């Protein structure tokens with residue numbers, strides 16, 4: 396029996412990293428002036444990473460017998476995690492924002508750290524589904540560029556159930572060919588075949604911007620260009636699942652894209668159905684017999700997800716358990732800081748006389764999402780004045796760094812909401828105080844007065860990375 400003392404080995408090698416005696420490599424990470432130099436040992440790095448083994452062979456020692464590398468594309472925060480993993484075989488993700496973990500995944504792939512790549516994919520897919528949905532198009536593109544199979548599967552499972560997640564995305568036409576093929580190959584893609592055809596044609600046309608907009612102006616060369624672009628996609632369309640009427644309407648205008656034998660077989664199916672067909676007939680897609688519940692359109696937010704909106708709605712209705720689907724409320728975007736400006740005065744001007752609003756803010760540097768629900772009319776041109784409400788509340792929403800959301804209801808009804816459009820102030824009691832320019836550190840802060848409990852562990856002043864205001868209305 397072999398006894399393995401891995402903990403001691405990991406600790407000793409980590410100590411070697413922290414006190415790099417007889418190091419023979421320096422790696423400058425990040426961009427100046429915020430770059431950092433790591434003193435490391437080539438024999439450890441090249442034994443753990445094929446990337447470093449290749450790099451070290453490409454570099455010579457300087458006069459001090461040290462090899463010098465530069466890695467400006469990796470942040471120091473990310474490299475700190477990676478180098479500790481390389482030396483000690485340990486990694487801690489609890490205090491890292493999900494965006495940093497995703498950067499860590501990309502960097503691990505570039506450094507050929509296969510074990511870490513698999514672990515990070517599993518971690519992100521298991522623990523950060525909301526963030527993945529919020530950044531879906533970017534994540535999906537990256538998963539194919541880097542061949543992140545676990546994340547690809549996670550995304551394809553979402554697309555199969557809700558195809559408009561990607562097909563109606565503004566980034567659809569920038570999909571790589573591999574990504575598009577991966578989608579249209581799905582047996583359980585819940586989308587009619589003629590619509591899949593439409594999207595594939597749309598994608599191909601976008602790749603050839605010089606094609607005439609009017610199909611009547613197309614020459615044989617134009618069709619050949621599109622056919623060449625789509626040559627790897629067209630075999631995955633299930634033509635024999637498209638009705639005769641839609642074949643005439645949608646396929647016939649593009650008949651020059653088809654090989655003669657396939658086009659003849661498509662026509663044979665409708666004109667002489669008893670005649671044999673030699674083309675491969677792909678099985679129809681597994682469309683669910685039961686009607687799928689209408690998918691809630693993605694909330695128009697760069698900060699919160701549909702899951703967050705469901706939770707806020709459940710608080711509005713004072714539900715003990717949060718809604719899990721079919722949000723009874725519509726969230727209409729009124730103000731976005733990056734579009735309309737970050738001054739509180741902007742909120743008063745755009746939202747004047749509008750009631751039942753939700754404001755959400757992403758705190759700069761922490762990834763926290765905080766905000767509040769205000770049932771009262773927002774009033775512009777008001778000097779410092781408190782307003783009565785029994786239904787307002789403030790909140791912090793669940794993120795990768797906050798396991799459970801926090802809702803804090805007003806307790807002192809006479810001091811529920813404060814407006815002052817001159818300074819300007821917009822406050823939920825003292826629990827969420829927004830003042831002046833939200834981008835500027837010094838005005839906004841959180842405390843506990845007039846509401847149940849604090850929504851931030853840190854009551855210090857803060858600035859925001861982004862904020863949004865929504866009008867919340869019952870769905871018709």
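Residue numbers (our numbering): 396 to 871.
Glycine is no exception: its CB is placed at the ideal position from the N, C-alpha and C atoms.
Remember, it's a predicted structure, so these values are computed and weren't measured experimentally.
Enumerate in chain order the residues of its own chain whose CB-to-CB distance from residue i is below 8 Å, with the five nearest sequence positions on each side excluded.
| i | result |
| --- | --- |
| residue 545 | 513, 516, 517 and 520 |
| residue 752 | 729, 746, 768, 769, 773, 864, 865, 866 and 867 |
| residue 811 | 771, 781, 782, 783, 784, 785, 787, 805, 823, 824 and 845 |
| residue 490 | 796 |
| residue 663 | 670 and 672 |
| residue 582 | 678, 680 and 681 |
In whole angstroms, give me the CA-to-CA distance for residue i and residue j.
| i | j | result |
| --- | --- | --- |
| residue 750 | residue 833 | 22 Å |
| residue 634 | residue 798 | 47 Å |
| residue 614 | residue 698 | 47 Å |
| residue 558 | residue 720 | 18 Å |
| residue 431 | residue 533 | 28 Å |
| residue 647 | residue 619 | 15 Å |
| residue 665 | residue 560 | 34 Å |
| residue 604 | residue 574 | 20 Å |
| residue 776 | residue 474 | 51 Å |
| residue 419 | residue 456 | 8 Å |
| residue 803 | residue 706 | 13 Å |
| residue 856 | residue 841 | 7 Å |
| residue 669 | residue 869 | 55 Å |
| residue 522 | residue 542 | 20 Å |
| residue 460 | residue 447 | 17 Å |
| residue 443 | residue 681 | 44 Å |
| residue 718 | residue 712 | 10 Å |
| residue 722 | residue 695 | 14 Å |
| residue 414 | residue 486 | 19 Å |
| residue 428 | residue 741 | 36 Å |
| residue 808 | residue 843 | 14 Å |
| residue 860 | residue 792 | 16 Å |
| residue 853 | residue 492 | 17 Å |
| residue 370 | residue 762 | With the chain running from 396 to 871 in the structure shown, residue 370 is simply not present. |
| residue 623 | residue 547 | 26 Å |
| residue 715 | residue 536 | 38 Å |
| residue 416 | residue 483 | 16 Å |
| residue 687 | residue 556 | With a pLDDT of 45 at residue 687, under the threshold of 50, the predicted position of this residue should be treated as unreliable, and no value is reported. |
| residue 652 | residue 667 | 22 Å |
Got a sec? Which residues, its chain only, sit under 6 Å from residue i by beta carbon, not counting five neighbours each side?
| i | result |
| --- | --- |
| residue 637 | 588 and 589 |
| residue 595 | 628 |
| residue 387 | Examination of residue 387 is not possible in this model, given that the chain is present from 396 through 871 alone. |
| residue 539 | 571, 573 and 574 |
| residue 362 | Past the edges of the chain, shown from 396 to 871, lies residue 362, and the structure says nothing about it. |
| residue 702 | 525 |
| residue 876 | Residue 876 cannot be examined here, being either before or after the span of the chain that is shown, 396 to 871. |
According to DSSP, is residue i part of a helix, a strand, or is it coil?
| i | result |
| --- | --- |
| residue 539 | helix |
| residue 495 | helix |
| residue 488 | coil |
| residue 782 | strand |
| residue 556 | helix |
| residue 507 | coil |
| residue 748 | coil |
| residue 461 | coil |
| residue 667 | coil |
| residue 814 | strand |
| residue 384 | This structure cannot speak to residue 384, because the chain is shown only from 396 to 871. |
| residue 452 | helix |
| residue 791 | strand |
| residue 422 | strand |
| residue 443 | helix |
| residue 483 | helix |
| residue 473 | helix |
| residue 688 | Any reading at residue 688 must be qualified, since the residue scores a pLDDT of 46, below 50, and its modelled position is unreliable; no value is offered. |
My understanding is that residue i touches residue j, with C-beta atoms under 8 Å, so please give their C-beta distance in whole angstroms.
| i | j | result |
| --- | --- | --- |
| residue 839 | residue 851 | Their Cβ separation, rounded to whole angstroms, is 11 Å, which puts residue 839 and residue 851 out of contact at 8 Å. |
| residue 818 | residue 849 | That pair is no contact at about 24 Å. |
| residue 527 | residue 481 | At roughly 27 Å, the Cβ-Cβ gap does not stay under 8 Å, so residue 527 and residue 481 are not in contact. |
| residue 409 | residue 472 | In fact, because the Cβ distance is near 18 Å, the residues do not count as touching under 8 Å. |
| residue 591 | residue 554 | Not confirmed; about 12 Å, so no contact. |
| residue 858 | residue 759 | 5 Å |
| residue 451 | residue 462 | 6 Å |
| residue 606 | residue 586 | At roughly 24 Å, the Cβ-Cβ gap does not stay under 8 Å, so residue 606 and residue 586 are not in contact. |
Which same chain residues end up closer than 7 Å to residue i when comparing Cβ atoms and leaving out the 5 residues on each side of it in sequence?
| i | result |
| --- | --- |
| residue 576 | 627, 628 and 631 |
| residue 530 | none |
| residue 610 | 648 |
| residue 689 | Low local confidence applies: a pLDDT of 48 at residue 689 is under 50, so the model's placement there is unreliable, and no value is given. |
| residue 847 | 803, 804 and 806 |
| residue 704 | 694, 722 and 726 |
| residue 800 | 706, 790, 791, 792 and 793 |
Would you say residue i faces chain B, with C-beta separation under 8 Å as the test?
| i | result |
| --- | --- |
| residue 817 | The structure shown has no chain B; it contains just one protein chain. |
Mind listing, in chain order, the continuous alpha helix (DSSP H) runs of no fewer than 4 residues lying wholly within the segment 564-640? 572-579, 588-601 and 615-624
Which runs of the alpha helix (DSSP H), 4 residues or longer, sit entirely within the segment 705-743? 732-735
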